[in-house]
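Residue numbers (our numbering), protein chains in the order written: chain A, 77 to 553; chain B, 77 to 553; chain C, 77 to 553. Every residue gets a Cβ at the ideal spot worked out from N, C-alpha and C, and that includes glycine.
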Amino acid sequence: MSPEVTARVAIVLAAGQGTRMRSRVPKVLHPICGRPMIQHVLQALSEAGTERPVVVTGHGAAEVEAAISGLATCVRQEAQRGTADAVSVALSTVQNDVAEVLVTMGDVPLLEAELFTSLLAARASDDAAVAFVSARMPDPTGYGRVVRGPDGRAAAIVEERDADDATRATNEVNTATYAFDARWLRDAIGRVEASGSGELYLTDLVSIAVSDGRTVTVLEAPNGEDAMGINDRVALAAAEERMRSRIAERHMRNGVTIVDPATTRIDAGVEIGQDARIEPWTTLQGATVIAEDAVIGPNSHVRGSVIGPRTTVWASVIEGSRVAEDVQVGPFAHIRPGCDVGPRCRIGNFAEMKNTRVGAETQQHHFSYLGDADVGDGVNVGAGSVTANFDGVAKHRTVIGDRASIGVDTMMVAPVTIGAGATTGAGAVVTRDVAPGKKVVGVPARPIELRRRGPKPADPSPSTGSEPVPSGADRNT
Amino acid sequence: MSPEVTARVAIVLAAGQGTRMRSRVPKVLHPICGRPMIQHVLQALSEAGTERPVVVTGHGAAEVEAAISGLATCVRQEAQRGTADAVSVALSTVQNDVAEVLVTMGDVPLLEAELFTSLLAARASDDAAVAFVSARMPDPTGYGRVVRGPDGRAAAIVEERDADDATRATNEVNTATYAFDARWLRDAIGRVEASGSGELYLTDLVSIAVSDGRTVTVLEAPNGEDAMGINDRVALAAAEERMRSRIAERHMRNGVTIVDPATTRIDAGVEIGQDARIEPWTTLQGATVIAEDAVIGPNSHVRGSVIGPRTTVWASVIEGSRVAEDVQVGPFAHIRPGCDVGPRCRIGNFAEMKNTRVGAETQQHHFSYLGDADVGDGVNVGAGSVTANFDGVAKHRTVIGDRASIGVDTMMVAPVTIGAGATTGAGAVVTRDVAPGKKVVGVPARPIELRRRGPKPADPSPSTGSEPVPSGADRNT
Amino acid sequence: MSPEVTARVAIVLAAGQGTRMRSRVPKVLHPICGRPMIQHVLQALSEAGTERPVVVTGHGAAEVEAAISGLATCVRQEAQRGTADAVSVALSTVQNDVAEVLVTMGDVPLLEAELFTSLLAARASDDAAVAFVSARMPDPTGYGRVVRGPDGRAAAIVEERDADDATRATNEVNTATYAFDARWLRDAIGRVEASGSGELYLTDLVSIAVSDGRTVTVLEAPNGEDAMGINDRVALAAAEERMRSRIAERHMRNGVTIVDPATTRIDAGVEIGQDARIEPWTTLQGATVIAEDAVIGPNSHVRGSVIGPRTTVWASVIEGSRVAEDVQVGPFAHIRPGCDVGPRCRIGNFAEMKNTRVGAETQQHHFSYLGDADVGDGVNVGAGSVTANFDGVAKHRTVIGDRASIGVDTMMVAPVTIGAGATTGAGAVVTRDVAPGKKVVGVPARPIELRRRGPKPADPSPSTGSEPVPSGADRNT
């Protein structure tokens with residue numbers, strides 16, 4: 077065969093309404109482990125080596141198309157005329173030189189790439205017109221049954237409503253995942269006849285293949301429950317649990333300790349280093365990377381962030397930020413998007429940080445807020461300190477130099493720079509830049525040296541000057 | 077029959093001590109999903125259409141009576157003389173015109189109304205003297221066994237201590253839920269004889285009915301485990317899990333996404349709208365209502381509150397409050413009782429609010445406290461702001477007008493009013509009302525206009541006036 | 077027998093690398109429920125009445141020895157020459173008068189003392205050369221199989237690689253826990269021959285005993301899964317779950333309500349009083365004691381702390397502290413190490429405390445920080461208050477007398493004493509001691525009495541004096 081003829085294309089059926097979901101959201105967009113369920117299908121297809129897939133949309137087409145833009149080609153099935161019609165619509169966009177067509181459902185998110193690969197291999201090995209995945213179900217009610225002939229080969233798939241008692245008694249059901257000989261499919265799809273309801277069923281292709289004298293191959297799914305569609309929120313929750321367990325097991329086998337996999341939510345796509353420890357009631361979401369020996373949780377949420385080696389994040393939230401190695405975060409800290417926290421920092425309880433860079437060994441132990449700030453190494457941020465970063469129109473930056481000591485309850489009115497080694501007094505309101513090594517106190521804050529020479533305007537206790545706020549006694553840890 | 081004669085009354089036996097609970101709390105008052113277990117029994121009986129029930133109390137009678145005051149008539153069994161004696165005591169309070177008597181246990185909280193309805197229907201259909209619920213138990217040790225005659229009908233219930241080996245071998249046990257022909261019961265109850273221990277057993281009524289030539293009907297419980305009593309805390313935890321699962325499934329079938337039903341605690345009675353999403357490690361308690369498309373959790377606790385459409389509550393606590401639509405709460409926010417938060421507000425980390433009304437689009441992003449306050453639309457509350465609402469004797473209100481800007485670290489000493497569009501400077505201590513549109517700064521805060529004309533008492537830097545705290549540069553977001 | 081001859085010594089094999097753990101940490105040091113897994117083994121051996129155990133270390137020997145220092149005698153197996161070699165190495169440290177030797181694995185942490193006791197009793201009763209624990213495994217792949225002779229007695233343990241098909245078909249496997257006649261063991265251990273891989277297998281002792289004409293006793297473990305080694309992180313998580321469940325059940329049987337045992341983590345060794353209630357997503361760690369009727373959680377973490385009767389800890393963290401009776405903590409409070417909180421206190425949201433003693437009925441409702449403080453009875457700590465306890469060199473203490481009222485946003489610059497009944501104004505920066513009953517205001521804070529006589533240096537609004545910060549209006553609750 078020429079290379080082109082070996083091309084495999086996947087068609088994903090995603091037109092159904094999903095009435096039992098009782099949702100305004102199209103069924104295939106309900107998320108599982110952080111991604112719309114159809115994205116899991118597309119991911120597995122991609123891993124199985126199929127070409128860019130064709131997704132057939134219908135109910136909620138615009139929303140579905142927006143959600144998978146860039147991942148698939150979408151075609152709309154304007155009227156719901158059945159699965160065979162949906163495949164016809166998709167085939168109209170598929171080039172003639174395609175050799176094989178894989179068809180699967182957008183609401184069956186747990187199938188793994190290995191199953192698709194096995195199905196394609198089985199079809200090719202048998203030169204079958206069609207190969208499909210069956211599953212053994214303890215309770216097959218509602219599913220199309222696999223009817224096998226005297227030779228044990230599949231003879232037909234019969235929908236439950238059309239099945240006689242003997243057929244209903246079988247527990248082998250169709251899972252609606254198929255591999256087709258593309259050339260045969262193009263011909264046969266036009267021969268599917270409308271059912272009593274007027275719909276064209278893809279399952280009819282099995283008996284058509286048999287009557288064509290072609291082989292039909294059945295691949296029994298090793299885990300039948302993974303092959304079932306998500307039809308309601310109970311099934312959605314079960315699928316979430318199954319995928320969560322699968323993701324957790326993968327990390328554990330890689331050398332990550334997950335103390336309680338049942339209550340740890342790790343999105344597909346998160347990376348975790350060896351000997352990291354994920355404590356319970358913790359979520360790791362988005363493009364998060366946890367380095368080796370880090371300890372995350374209990375009760376922590378990390379979204380789209382990179383956490384360094386040996387860093388601990390306890391009962392805290394980190395979003396869209398980088399935290400270096402050996403940092404201690406929490407409990408009850410909140411690192412908001414855009415932060416970059418240096419090594420060996422301590423970010424303690426009720427500390428908030430946003431769009432802020434922090435150098436090494438800086439300490440923000442207590443309730444306080446650093447926003448739009450650039451903080452050096454070895455800085456101590458006192459309890460109650462705040463960057464007033466917004467003037468009602470624009471955000472401004474606060475710069476704090478290395479080893480500066482920000483006294484308790486210091487207000488830093490941005491834009492402002494506090495120099496390296498500078499100190500602010502308890503309750504200072506800093507509105508002007510502070511030179512390196514200087515101390516400022518008061519509301520608004522003035523350099524403390526001035527006070528020695530008598531009452532000064534900046535002194536909050538101007539008449540004495542003799543009892544300033546001790547500039548070095550306003551820190552806490 | 078006349079209407080009166082069709083009346084059905086329920087008797088709930090709740091006199092036992094529950095020694096294996098090892099508790100000072102009466103067994104039937106141990107809570108399951110937010111309610112004392114006996115309340116679940118009374119709820120199911122009410123749904124089954126029985127009359128106001130009679131609860132027989134004994135151990136801890138006063139506490140039990142207080143807990144179900146208004147839900148049932150209570151009678152005390154002064155001495156623990158057995159279940160037949162308890163029913164006798166209850167019958168003495170039941171009118172003669174009652175046709176049927178349902179008897180069940182206060183420590184069997186998982187039976188659903190449908191089972192009671194089926195039991196009553198089965199008794200009536202058979203015109204049986206007694207119908208009772210049996211269950212098949214993998215390990216029947218400790219339970220009274222159902223003895224059936226050659227015709228397959230129940231002949232007796234035999235307590236384990238009185239059972240021969242053949243009887244012990246049966247795994248069909250009595251669950252202690254009965255429906256009686258009331259007229260027959262009144263007569264037969266007096267014919268129960270004391271057992272060896274001196275107790276009068278209700279189970280004896282089965283053999284009395286048989287010897288009376290009356291029919292005995294057995295209804296096998298579809299879920300045997302739901303029919304078992306809660307005898308220790310291990311069973312209590314299992315019942316909590318079962319009821320939690322049942323509640324979660326009901327919401328999921330109604331179109332609510334519950335990401336991890338096993339770790340989501342929703343009290344019986346909570347209402348949740350379509351397409352709401354409840355994230356893990358979340359409790360919804362009391363008379364809570366969650367509107368459609370809201371997202372609650374992870375790690376949130378909502379108690380007795382109403383949450384509006386599309387509002388998100390992340391890692392936060394809300395108690396006894398209303399939050400409107402499109403509000404973002406958390407992480408780490410605490411809305412205490414008595415709050416009413418308007419649409420599109422942002423209540424951020426470490427924000428606390430109590431007995432406070434907030435208008436639309438107001439922002440309280442950071443650590444701060446609003447207590448006994450009336451806050452308008454579009455207000456910005458700076459980090460560290462506090463309403464000092466208590467003078468040591470009484471609480472006072474703080475009023476903040478629309479679009480006011482409360483600078484960082486502003487102390488508002490109530491009672492005080494800050495007018496619409498007014499601004500406070502960083503670190504201001506506001507002790508007097510601020511006129512609309514005005515700016516105040518300093519400790520205590522004075523209008524900033526005065527500063528232009530020279531040093532003023534209100535100016536925190538009186539000798540210069542030239543470097544006031546920039547009034548517009550003290551916000552943060 | 078003389079007393080010495082009845083001595084029983086235990087040997088714990090802990091030399092293996094545990095490759096499938098994929099860890100830099102020695103396998104036996106991976107923690108389960110708060111303790112390295114080998115400590116659980118040593119604990120069960122101690123409860124079973126064996127002498128101080130001998131632990132054979134190899135991979136990561138220094139780390140293992142450090143972790144169990146004081147709990148066992150350690151000997152190193154320098155080369156990994158097999159389990160029989162490891163036992164030989166251990167025996168060289170065991171006195172000659174020992175009668176019985178128990179051998180078990182350091183990576184089998186779920187075996188309970190009862191099993192060891194039963195195994196020793198079974199060996200002694202049979203006067204067996206060796207007794208070992210077997211388990212029935214649904215999938216025995218990878219385990220050594222127990223081969224029984226025609227008389228049903230154990231004839232050999234055959235490693236899987238050496239087993240024929242018939243032997244592989246048995247599902248009874250060796251669990252690697254043995255009791256030996258010590259005298260026989262000393263002789264027989266030298267007769268073990270190297271296997272094809274060069275290793276000396278302890279399992280060979282079974283066939284040696286048989287050929288010696290000695291009895292071999294097999295004790296089948298009642299819970300086979302408890303007898304299996306922890307070979308990867310998936311097994312580690314399963315063992316954690318099993319032990320967590322076991323610990324929870326023990327507390328529940330003692331009269332503790334654990335609402336959701338599956339999501340409650342209680343370390344081995346924690347004590348909990350009757351009728352305490354542990355809510356979900358809660359960890360109780362280390363040497364923690366929870367008194368009767370306390371309610372901990374949901375979402376609370378208590379480490380190494382003592383919590384008094386009826387105290388509630390909601391969504392909070394307590395470390396290394398004592399909290400007395402009837403205290404309400406949280407949500408979102410953090411009590412750091414070294415605190416002692418008196419009865420009936422209220423520690424509210426975003427409150428932080430460290431190395432601080434607090435008397436009875438003191439209230440710290442809001443965001444604030446008390447560090448290195450000594451706080452009396454009935455004190456009110458206003459929102460935003462901070463102890464500035466660190467002068468950059470040393471920590472200093474803050475003393476607050478009974479019934480003092482700390483106004484909102486008060487900075488207490490330590491060392492400083494605020495007398496009983498004293499009051500601080502909103503925003504005060506307290507740098508000098510405050511006499512009992514006095515009121516101070518301003519930055520730095522001065523007694524308010526001075527203000528009556530005209531503008532004073534301490535007055536933050538010196539030119540007027542007529543509008544001081546109302547000293548009593550700066551509290552909040």
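Take E355 (chain B), set aside five residues on each side of it, and the residues of its chain with a beta-carbon closer than 6 Å to its own are V335, G373 and P374, in chain order. The beta carbon of K471 (chain C) is closer than 7 Å to those of D448 and N465 in its chain, skipping five residues each way along the sequence. Judged by beta-carbon spacing, G458 (chain A) lies within the 8 Å limit of G483 (chain A), meaning their Cβ atoms are closer than that value. Distance from the CA atom of E395 (chain A) to the CA atom of G225 (chain A), rounded to whole angstroms, is 58 Å. A137 (chain A) and R152 (chain A) have their C-alpha atoms roughly 7 Å apart. For the 8 Å CB-CB criterion, T364 (chain A) and V346 (chain A) form a contact. As computed with DSSP, F208 (chain A) is found in a beta bridge with A:Y254 and A:V294. Beta-bridge analysis with DSSP links D416 (chain C) to C:R398 and C:R433. Listed as beta-bridge partners of T340 (chain C) by DSSP are C:T358. Per DSSP, the continuous alpha helix (DSSP H) segment holding I114 (chain A) begins and ends at M113 to E123. R290 (chain B) is positioned such that its CB atom lies closer than 8 Å to that of A205 (chain B). In this structure, DSSP gives F466 (chain B) an extended state, which the three-state scheme calls strand.
Remark: C-beta atoms of R551 (chain B) and D467 (chain A) approach each other more closely than 8 Å. Residue-level contact by beta carbon fails for I233 (chain C) and chain B, as no gap is shorter than 8 Å. In the DSSP assignment, E248 (chain C) forms a beta bridge with C:R212.
Look at G384 (chain A) here: in three-state DSSP terms it is coil, with no helix or strand label. Using a Cβ-Cβ cut-off of 7 Å, L360 (chain A) is close to nothing in chain B; its nearest Cβ partner there is about 12 Å away.
With respect to chain B, the C-beta atom of M97 (chain A) has a partner C-beta closer than 8 Å.
In its chain, beyond the 5 residues on either side, E275, L276 and Y277 have a beta carbon closer than 6 Å to the beta carbon of G158 (chain C). The beta carbon of Q404 (chain B) lies closer than 6 Å to those of T388 and R422 in the same chain, with the five residues before and after it left out. Spanning the alpha carbons of M181 (chain B) and L312 (chain B) requires a straight line of approximately 15 Å. The continuous alpha helix (DSSP H) containing H327 (chain A) extends over residues R309 to R329. Using a Cβ-Cβ cut-off of 8 Å, M328 (chain B) counts as an interface residue toward chain A, since at least one Cβ of chain A sits closer than that to its own.
L195 (chain B) carries a helical assignment under DSSP once its states are collapsed to helix, strand and coil. One finds A313, E316, E317, R320, A338, T339 and R341 in chain C with Cβ atoms closer than 9 Å to the Cβ of D336 (chain A), taken in chain order. Residue-level contact check: P356 (chain C) touches chain B, since one or more beta carbons of chain B fall below 8 Å from its beta carbon.
The alpha-carbon of A480 (chain A) is positioned some 10 Å away from that of T438 (chain A). In the DSSP assignment, T159 (chain C) falls within the unbroken alpha helix (DSSP H) covering T159 to L167. When only Cα atoms are considered, E188 (chain C) and A120 (chain C) end up about 6 Å apart. Cβ atoms of A367 (chain A) and A352 (chain A) come within 8 Å of each other, at about 7 Å. Neighbours of N375 (chain B) in chain C, taken as residues whose beta carbon is under 7 Å from its own, are N375 in chain order.
A distance below 8 Å separates the beta carbons of A198 (chain A) and T293 (chain A). Around the CB of D161 (chain A), 16 or more other CB atoms lie within 10 Å, so the residue is classed as buried. Distance from the Cα of A400 (chain C) is smallest, within the candidate group C:D416, C:V469 and C:P407, for C:D416. If you look at S444 (chain B), you'll find it in the beta strand (DSSP E) that goes S444 to G447. Using beta-carbon distances, D485 (chain A) counts as an interface residue toward chain B, with a partner under 8 Å.
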